[in-house]
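**Q** Numbering (our numbering), first residue to last: 20 to 327.
1) Within a Cβ cutoff of 8 angstroms, which residues of the same chain sit near residue 23, ignoring the five residues on either side of it in sequence?
2) In this structure, what does DSSP give as the bridge partners for residue 157?
3) Alpha carbon to alpha carbon, how far is residue 151 from residue 157?
4) For the segment 245 to 253 against the segment 261 to 280, do three or more pairs of beta-carbon atoms, one drawn from each stretch, fall closer than 8 angstroms, so that the two count as touching?
5) For residue 147, list the residues DSSP reports as bridge partners.
6) What did DSSP end up calling residue 176 once you bin it into helix, strand or coil?
7) Could you compute how far the alpha carbon of residue 219 sits from the alpha carbon of residue 140?
8) Is the segment 48 to 55 close to the segment 100 to 120, with three or more CB pairs under 8 angstroms?
9) Determine, using beta carbons only, whether residue 77 and residue 51 come nearer to each other than 7 angstroms.
10) Does DSSP classify residue 244 as helix, strand or coil?
11) Would you mind giving the Cβ-Cβ distance between residue 138 and residue 171, rounded to the nearest angstrom? I have them listed as a contact below 8 angstroms.
12) Classify residue 261 as helix, strand or coil using the three-state DSSP reduction.
13) State the DSSP-derived secondary structure class of residue 97, mapped to helix, strand or coil.
14) Could you check which residue in 28, 225 and 215 has the C-alpha nearest to that of residue 185?
15) Could you say which of 142, 295 and 189 lies nearest to residue 165 if we only look at CA atoms?
16) Are residue 121 and residue 79 touching if we call contact CB-CB under 7 angstroms?
17) Looking only at its chain, what residues have a beta carbon closer than 8 angstroms to the beta carbon of residue 61, apart from the 5 residues adjacent to it on each side?
18) With DSSP run on the structure shown, which of helix, strand or coil describes residue 91?
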């Protein structure tokens with residue numbers, strides 16, 4: 020069989036219903052690909068499905084354009100003509116040229132529609148994550164924050180909340196990455212500066228930690244939690260007088276046990292005076308584990324000199 024005859028037989032084999040079905044399958048693949056991409060799922064498969072959908076649709080249109088029929092014009096004469104009128108074939112040619120652009124438009128439209136719907140679900144993920152974290156269900160909270168960040172990676176608050184969860188799990192390096200991302204997206208997030216400063220203090224990066232605490236003070240003056248953490252940082256830097264002042268500010272600002280008790284304990288370690296208590300009533304304080312000695316201070320230095 021000659022090549023031309025084989026070509027004609029293959030091209031003319033599908034009927035109209037087969038071609039319509041093939042075109043529908045191609046469009047379906049394009050829609051599915053756009054949906055998968057919008058959800059951020061199986062991106063490689065989604066791209067393959069998109070390309071396959073365009074190829075199937077274009078092939079169906081090409082077959083419509085090329086199909087022919089044979090008609091007898093006489094006893095010995097056979098005429099071959101195109102199956103569809105020239106106006107239809109012209110529309111097919113236009114479609115073949117415009118299909119990739121149309122597929123792109125459909126993809127963008129589906130992406131926009133799905134992403135808009137997904138963005139509306141971000142507050143629900145954030146609210147659920149906060150509730151789970153409050154009840155100590157850290158891993159479940161992380162699942163919610165991961166979903167929120169997958170939808171809205173530009174949302175600093177989502178990175179901040181996930182940082183809290185990771186910090187609660189003891190994953191300080193990952194928490195630090197989240198606090199960095201939170202501040203990259205929203206430099207005004209005070210609590211991101213505060214938590215990052217605390218982690219940097221624990222890691223010994225004291226100068227960087229001080230920069231974070233100073234930013235907190237610039238954005239939210241008279242924050243007892245920041246004074247407490249900055250005092251710890253300054254004590255570790257050897258700035259004892261400045262640390263004492265910070266711990267004293269904590270006690271002047273609040274009597275909340277989360278801040279006041281550590282501040283009193285650190286003041287005693289540094290040889291400072293509690294501004295809210297008479298010196299005659301002051302009593303030794305124990306640290307979190309019943310032992311003193313959390314910070315370098317004047318009392319320790321004096322004891323060392325006396326022992327020498």
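Where a beta carbon is used, it is the ideal one built from N, C-alpha and C, also for glycine.
**A** Taking the structure as given:
1) none
2) BP columns for residue 157 are empty, so no partner.
3) 7 angstroms
4) yes
5) Note: residue 147 sits in no beta bridge, so no partner.
6) Residue 176 sits in a helix when the DSSP states are folded into three classes.
7) 33 angstroms
8) Judged by pairs of C-beta atoms under 8 angstroms, the segment 48 to 55 does not touch the segment 100 to 120, as fewer than three such pairs exist.
9) In this structure, residue 77 sits away from residue 51, with a CB-CB distance that is not shorter than 7 angstroms.
10) helix
11) 6 angstroms
12) helix
13) strand
14) 215
15) 142
16) Between residue 121 and residue 79, the C-beta gap is not smaller than 7 angstroms, which leaves the two residues out of contact.
17) Contacts found: 55.
18) strand
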